[in-house]
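First comes the structure, then the notes that go with it.
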Amino acid sequence: MPAKEEDAKMQDERQTALGRRYFLKAFGGASTTVVAAAALCPTDAQAYDPGEEEMRGRYRETDHVKAYYRVNRYPKQK
Amino acid sequence: MARMKFLCDAERCIECNACVTACKNEHDVPWGINRRRVVTINDGKPGERSVSMACMHCTDAPCAAVCPVDCFYTTADAVVLHSKDLCIGCGYCFYACPFGAPQYPRVGNFGSRGKMDKCTFCAAGPEGDSTEVEYAKYGANRLAEGKLPLCAEMCSTKSLLAGDGVIIAAIYKERVTQRGYGSGAWGWQTAYRETVDV
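Here the protein sequences come in this chain order: A and B.
Here the first sequence is numbered in the UniProt record's numbering, starting from 1 and rising by one per residue.
Here the second sequence is numbered in the UniProt record's numbering, starting from 1 and rising by one per residue.
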């Protein structure tokens, strides 16, 4: 291969390499900006909310429950 | 709105572990997990006392305060429940809980011990009431059926109380007033006379 052609090929390779490095730098800078923006604008922590249906009270004073309370008391004095 | 609470009358607990067995059976709790257990102090000595312990469904629950994924929620009747879909098994709740209630299916480090499991006050979890999915993840939903936790309902000495905090506190107060001192167990004075100093 003639020396001139070889030089031209190496030059192309160098340019490609520089391009790749530039891309990585630019990508790194952009992602850092996004992370910094997210850190500067925090949102409040959200507790898990399963919805009203699941949060509602299920306890009912049924006959079954009333009987439980009754037998756990001392018998009434006659 | 009623606030659900457990109350163990230590004067009556005989350490039979029936509450532990009933809970495991009712909810098909896997090996290695005990949602409820009986703790005995001064074992074999005068003044021995046993207390049945599980999740106490704290008003300001420390487990919920430390959970990094906020998987805990409190229902309208003050039962502390959690979502196993959100739980990451980090173990923070186990360290935060003063009662040692949170349990894990496997022994291991962060991320390898599986989803946390604890007493649900027989109110299961955030799935549809009494469905197969709910049962598989959290166990039976007795509260939705108009019943109370099985551990308390089948306690043979009526030591473990569960239900509306105001009502069970009144029952316990009545017991303390009636028995005065020592044990209020039936036959206690016949067996040990009034002079026994416990």
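A virtual CB, placed ideally from N, CA and C, is assigned to each residue, including glycine.
Local Cβ density within 10 Å of residue 38/B, reported as buried at 16 or more and exposed below that:
The residue is buried, with at least 16 neighbouring Cβ atoms inside 10 Å.
Where does residue 42/B land, buried or exposed, given buried means 16+ other C-beta within 10 angstroms?
Residue 42/B should be labelled exposed.
In chain B, which residues lie less than 7 Å from residue 54/A when you measure between Cβ atoms?
126
For the alpha helix (DSSP H) that residue 63/A lies in, which residues bound it at each end?
63-72
Based on the DSSP output, what are the partners of residue 73/B in its beta bridges?
Partner(s): 81/B.
Closer than 6 Å by C-beta to residue 62/B: which residues in its own chain qualify, once you throw out the five before and the five after it? Chain order, please.
96
I'd like to know if the region 13-31 of chain B and the region 56-68 of chain A are in contact, where contact means that at least 3 CB-CB pairs between them fall below 8 Å.
no
DSSP state of residue 116/B, grouped into three classes?
coil
Contacts of residue 167/B in chain A (Cβ-Cβ under 7 Å):
Correct list: 69.
For residue 110/B, I'd like the list of residues in its chain whose CB is within less than 8 Å of its CB, leaving aside the five on either flank, ordered along the chain.
89, 90 and 91
By the three-class DSSP mapping on this structure, what secondary structure does residue 155/B have?
Coil.
Would the region 135-142 of chain B and the region 118-125 of chain B be scored as touching if the rule is three or more Cβ pairs under 8 Å?
yes
Sheet register partners of residue 141/B (DSSP bridge):
123/B
Residue 74/B: which of 4/A, 62/A, 3/A and 49/A sits nearest, CA to CA?
49/A
Residue 174/B: buried (16+ other C-beta within 10 angstroms of its C-beta) or exposed?
exposed
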